[in-house]
Amino acid sequence: MDLASQALTPDAFRSHFPIFEDKAHLCSCSEGALSDRVIVAMSEFMTSWRVHGAPWHEWMDYVDIARGRFAELIHADPGDIAVVSCASEAAYHVASTLSYEKRSRILTNDLEFPSVAHVWLAQGQRGAAVDFVGHKDGVITAEDYVAALHDDDALVSVPLVSYANGLRLPVREIADAAHAKGARVFVDAYQGAGVVPADVRELDCDYLVSGTLKYLLGAPGICFLYVRPGLELPLDPPLTGWFARKEPFAFNPRLLDYADDARRFQTGTPAIPAAFAGAAGLSLILETDPARNLEHVLALGDYLQEEFLRAGVALFSPRERSRRGPQVSVLAQDAEGLGAYLAERGVLVSPRGQAIRISLHYYNNLDDARRVVEGVLEYRKGHAL
Ligand SMILES: Cc1ncc(COP(=O)(O)O)c(C=O)c1O
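Residue numbers (the working numbering): 68 to 452.
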């Protein structure tokens, strides 16, 4: 049987998340809902600590289980994945192992997550020039990227989905154009992996990063960096540590030998509790079908968009289905105030800047969507949107 026919139904998936007993959790773009499996995994971590004192071997196995499950999700080999602490660190590893002598430009965009863009900007001190593709009404197209590409681009950075408004970018088209210019392609999949297919063979990217805490349903603390196998690295990672060594347990302070695979990008002790949580969250994701997950969140997004537009509510998220990820965002003068108003009514969204982000996962249903529409329209009776 193929995965699609074995995949959990949305209702079966939802039953793993106790928060839906009384809340409409629509903020996975900020933090995924807590599942029964993560609760069990975290208590297993506590028990192992309480009973065995320092079971490092067992704990490191969990890091490898999390790595392996992420590898399965993105169709990569576990050896092509480094376990790091956050996306900024992953971006730093990529930026710091490139040379900007021959190719000096990094191309990113105005809807990039700021932390990643900041790492690119910080390469200015190493001679890199950073350019931004602008957005028009929250949309960036492949043509916008293609028109901005230069022959001296070292790195082209493109998120799978933008954190700001859920724009789903045409990564493969951009990657093909960037590769034709000889540039490398970095994909921040943080706002998509788990509900938007992130198959590195299809995206054809050179690097891909995602953390476990959002759509992968784990806890903060662990992030994965995929590096295309065989990619030539001009420099060794200057930020390093014992888990980047060929033999981490050789304990030789004089020997700086980098692992042959992507572990060369690791540093020090990984966040073990986050590895337990991440492995558990990923186990649930792997029981779903990525194409079906995307269809599910797009259908809920269609409903939200239609209802909001019919009521004259202005949106920041793109209208076209083909450009939308797992998010519908509503423009609001006081996004924090609207978010707090909804939270008091048990509807959890994520305010960010000029909008509230309503994010959708495979666990969300029409009832959640109706609750948020009702809440926003109720709020509008007493406040300007
Ligand atoms: C697209 C995207 N990338 C990265 C991050 C997190 O970056 P970091 O792990 O460096 O905190 C977020 C979190 O909000 C995000 O939305």
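Backbone N, C-alpha and C fix where the C-beta goes; we use that ideal spot for every residue, glycine too.
Computed from a prediction, not measured in an experiment: that's the story for all the values here.
Just to confirm, is the Cβ distance from residue i to residue j under 7 angstroms?
i: V238; j: V225; result: yes
i: F310; j: F112; result: no
i: A459; j: L444; result: Residue coverage of the chain in this structure runs from 68 to 452, which leaves residue 459 outside it and unanswerable.
i: E441; j: P418; result: no
i: R172; j: D103; result: no
i: L284; j: G99; result: yes
i: G259; j: L227; result: yes
i: Y429; j: P77; result: yes
i: L415; j: L101; result: no
i: Q400; j: A358; result: no
i: S396; j: R424; result: yes
i: G413; j: K90; result: yes
i: V197; j: L188; result: yes
With a threshold of 16 other CB atoms inside 10 Å of the CB of residue i, please say whether the residue is buried or exposed.
i: Y446; result: buried
i: A407; result: exposed
i: H160; result: buried
i: A74; result: buried
i: K281; result: buried
i: A436; result: buried
i: L376; result: exposed
i: D147; result: buried
i: Q192; result: exposed
i: P337; result: buried
i: R170; result: buried
i: A121; result: exposed
i: M68; result: In this predicted model, M68 has a pLDDT of only 45, less than 50, meaning its place in the structure is not dependable enough to derive any value.
i: R391; result: buried
i: H83; result: buried
i: A381; result: exposed
i: T114; result: exposed
i: W123; result: exposed
i: L222; result: buried
i: F318; result: exposed
Which residues in the same chain as residue i place their Cβ atom closer than 7 angstroms to its Cβ, once the five residues preceding and following it in sequence are excluded?
i: A242; result: V252, L270, D271 and C272
i: I352; result: L140, G261, L283 and L284
i: R81; result: F87, Y430 and N432
What residue range is occupied by the uninterrupted beta strand (DSSP E) comprising residue i?
i: Q333; result: Taken as a continuous stretch (DSSP letters only), Q333 belongs to no beta strand (DSSP E), as it is neither H nor E.
i: P226; result: D220 to P226
i: D255; result: R251 to D255
i: I423; result: A422 to S426
i: A149; result: I148 to V151
i: T164; result: Looking at the DSSP string, T164 is not in any beta strand (DSSP E), and its letter there is neither H nor E.
i: P181; result: Counting along the chain, P181 falls outside any beta strand (DSSP E), though it belongs to the alpha helix (DSSP H) covering P181 to A189.
i: L174; result: R172 to N176
Apart from the five residues on each side of it in sequence, which residues of its chain come closer than 6 angstroms, Cβ to Cβ, to residue i?
i: P393; result: V262, V364, S426 and L427
i: V151; result: A157, C290 and L292
i: H217; result: R172
i: Y129; result: A342, F343 and A346
i: R386; result: none
i: L275; result: V254, A256, V267 and Y293
i: E210; result: none
Let me check understanding here. Comparing Cα to Cα, which of the options lies closest to residue i?
i: R330; options: P304, A317 and A346; result: P304
i: Y257; options: S97, T208, A346 and T336; result: S97
i: A154; options: D255, D211, F80 and T175; result: D255
i: D204; options: R193, D177, L227 and V197; result: D177
i: P287; options: M109, P264 and L322; result: M109
i: A326; options: K313, T334, F332 and F318; result: K313
i: P439; options: L351, E374 and V267; result: With the sequence shown as reference, residue 439 is identified as Val, and Pro is not the correct amino acid for it. Checked all of L351, E374 and V267; the closest Cα to V439 is E374.
i: F316; options: P85, T114 and M127; result: M127
i: T175; options: A149, V416, H202 and N431; result: H202
i: I141; options: S82, A215 and P264; result: P264
i: A214; options: L188, V197, R295 and A244; result: A244
i: L349; options: P320, R391, T279 and E362; result: T279
i: Y212; options: G194, S182, P181 and L236; result: L236
i: S182; options: G194, Y230 and A195; result: Y230
i: V105; options: P340, F180, N232 and S95; result: P340
Starting from the C-beta of residue i, find all residues in its chain whose C-beta is less than 8 angstroms away, skip the five residues before and the five after it, and write them out in chain order.
i: P301; result: T164, L165 and S166
i: P145; result: D131, R134, G135 and A138
i: L322; result: R312
i: E168; result: G194
Hey, quick one: how far does the alpha helix (DSSP H) through residue i stretch, first residue to last?
i: G345; result: I339 to I352
i: N360; result: P357 to R377
i: G406; result: A402 to E411
i: P77; result: P77 to R81
i: D198; result: Where D198 is concerned, there is no enclosing alpha helix (DSSP H), although the beta strand (DSSP E) it sits in stretches over A196 to V200.
i: G278; result: No alpha helix (DSSP H) holds G278; the beta strand (DSSP E) holding it covers Y274 to G278.
i: A380; result: One detail in the question is off: residue 380 reads as Val in this sequence, not Ala. No alpha helix (DSSP H) holds V380; DSSP gives it neither H nor E.
i: P296; result: Run containing P296: none; DSSP gives neither H nor E here.
i: L433; result: L433 to G449
i: I132; result: W123 to I141
i: E193; result: Before going on, a small fix: residue 193 reads as Arg here, not Glu. Neither: R193 is in no alpha helix (DSSP H) and is coded neither H nor E.
At a threshold of 6 angstroms, does residue i count as lining ligand 3 (C-beta to nearest heavy atom)?
i: Y159; result: No copy of ligand 3 occurs in the structure displayed; its ligands are ligand 1 alone.
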